[in-house]
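Read the structure below first, then the notes.
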Amino acid sequence: MKKSVWITFLVIVCVQFVLTQNNVEIFDKYADASRKVWNVPGMSVVIVQDGKVLLSKGYGVRELGKNEPVDTQTLFGCMSTTKAMTAVAMAMLVDEGKVSLDDSVTKYLPDFHVDDRYVTGDIRVRDLLTHNTGVGNADFLWAWTPELTSAEVVRRMQYAKQVYPLRGGFIYQNIMYLVAGQVIEKASGMSWERFVTERIFLPLGMKNTFANYTLSQKYANRSSAHFEIKGKVQPIPEDIADPIGPAGSVWSTSDDIGKWVNFMLGNTTVNGKQLLKPETYKELLRPQVVIPPGGGFYPTAALTKPHWTTYGLGWFQHDYRGEMVNFHTGSLDGRTAIIGLIPDKKFGIYIFGNIDHAEVRHALMYKAFDLFAFGDNGRDWSTEAKTLYDGLKATGKKQVAELKAKRNPN
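Take any residue in the sequence shown, note its place counting from 1, add 12, and you have its number in the numbering used here.
Here it is in structure tokens:
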């Protein structure tokens, strides 16, 4: 009896292994074929399931015109996927009793203020991480001005107008994550860059991950940013997010970022040391703010057709095939990234790309979800997503042309 049970167990394990390997091969070929269709020069992908890295691989080249292939140690920008790291840093301070998510921001930063003084006094630490302060998008305060200090960017924030009441809606807001980084600095006595490096990257073994562009410059194996200009993809100068570091300045590799993905799947004890309490981890992924239809969610929702969309602490969220998805994109001129998690399936994926708005990232994320989390290879996500985004691009060009036609040249 025991022998037959053992044999059955071995058969099941072997079948699962073969199926997983088959899915890895399917995804690997699909990813590279899709990259070429979407005209992405270089890309790297890491897939994690059940605490194991199933795939970590580079595709294409670091820079067009140079014969330098992307590998698993090639450096890419994380951009806004950095936000989840800042949220984890804040959560660590919550575990230590140094911060409460429901404290007023002015408790830590007395000089902080926005346009409305009543809102200033009522903004909580939690609000900084959930895009619901009511202050309008203010990226114009920092974009394309790398010479600005973080302190100056926050100071200028007082001139951004209140668009809706505090906690009365959702407007994506980078600068509030910068403010969150300042709270971390005040509560910990460390710079945000040092905190995330010493408390997150090094404990996870992410030795080739850097908190900002400045720190990453000596790393030689790095990708270049690309943009399509007049129908031709070409390298462009690097855009830098250092002035809003906690919102989007981290740089990493697929081998390193796979460790972060595994951590964010709930494996928060590393080498016998608990980096984050289980209940605090759950709070990070608990829906905090409802994102209404048309209220700032991704166009890919037209394909996934979610019943609900929310934002956690550094994570967009929606339902997919009966499961909760936590994900976030990262975008900067010439670069893209995406991370996607299905915690109940113990599955996660991270994708880097070195061209502006390579929305193949969405297609590959959902393809991976289908293959590895649901055992389904029936849907051609790349073709569907390309049709969707090409349509949006054409609509945008048409609108620009119409505006130009209406413009009075005098």
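The beta-carbon is built from N, C-alpha and C at its ideal position, and this holds for glycine as well.
Just so we're clear, the structure is a prediction, and the values are computed from it rather than from any experiment.
What is the DSSP secondary structure of His-369, reduced to helix, strand or coil? coil
With burial defined as no fewer than 16 other Cβ atoms inside 10 Å of the residue's Cβ, what is the status of Ile-363: buried or exposed? buried
Beta-carbon proximity list for Lys-416, same chain, < 6 Å, skipping 5 on both sides: none
Candidates Ser-235, Met-102 and Asp-128: closest to Tyr-120 by CA position: Met-102
Check for me: the beta strand (DSSP E) holding Ile-354 runs from which residue to which? 347 to 354
Taking a contact to mean a Cβ-Cβ separation below 7 Å, would you say Ser-56 touches Val-36 in this structure? no
According to the neighbour-count rule (16 or more other Cβ atoms, all chains shown, within 10 Å of its Cβ), is Phe-152 buried or exposed? exposed
Would you mind stating whether Pro-305 and Thr-322 have Cβ atoms separated by less than 7 Å? no
With 16 other Cβ atoms within 10 Å as the buried cut-off, status of Ala-96: buried
Which class does Gln-411 belong to by DSSP, given the choice of helix, strand or coil? helix
Contact between the region 178 to 198 and the region 215 to 231 is defined here as three or more beta-carbon pairs at a separation below 8 Å; is this criterion met? no
Any chance you could list the alpha helix (DSSP H) runs of at least 4 consecutive residues sitting entirely within the region 44 to 121, in chain order? 94 to 107
Can you list, in chain order, the residues of its chain with a C-beta nearer than 6 Å to that of Leu-22? Leave out the 5 residues immediately preceding and following it. Model confidence at Leu-22 stands at a pLDDT of 44, short of 50, so the residue's coordinates are unreliable; what they give is reported in the following sentence. No residues qualify anywhere along the chain.
Between which residues of its own chain and Leu-315 is the CB-CB distance below 6 Å, once the five residues before and five after are set aside? Glu-396
Tell me the rounded alpha-carbon separation between Trp-204 and Pro-258. 7 Å
Among residues of its own chain, excluding the 5 on either side of Pro-76, which ones have a beta-carbon nearer than 7 Å to its beta-carbon? It should be pointed out that residue 76 corresponds to Leu in this sequence rather than to Pro. Hits under 7 Å: Pro-53, His-238, Val-245, Gln-246 and Pro-247.
Rounded distance between the beta-carbons of Val-131 and Leu-178, thought under 8 Å: 5 Å
Burial state of His-340, where buried means 16 or more other Cβ atoms lie within 10 Å: buried
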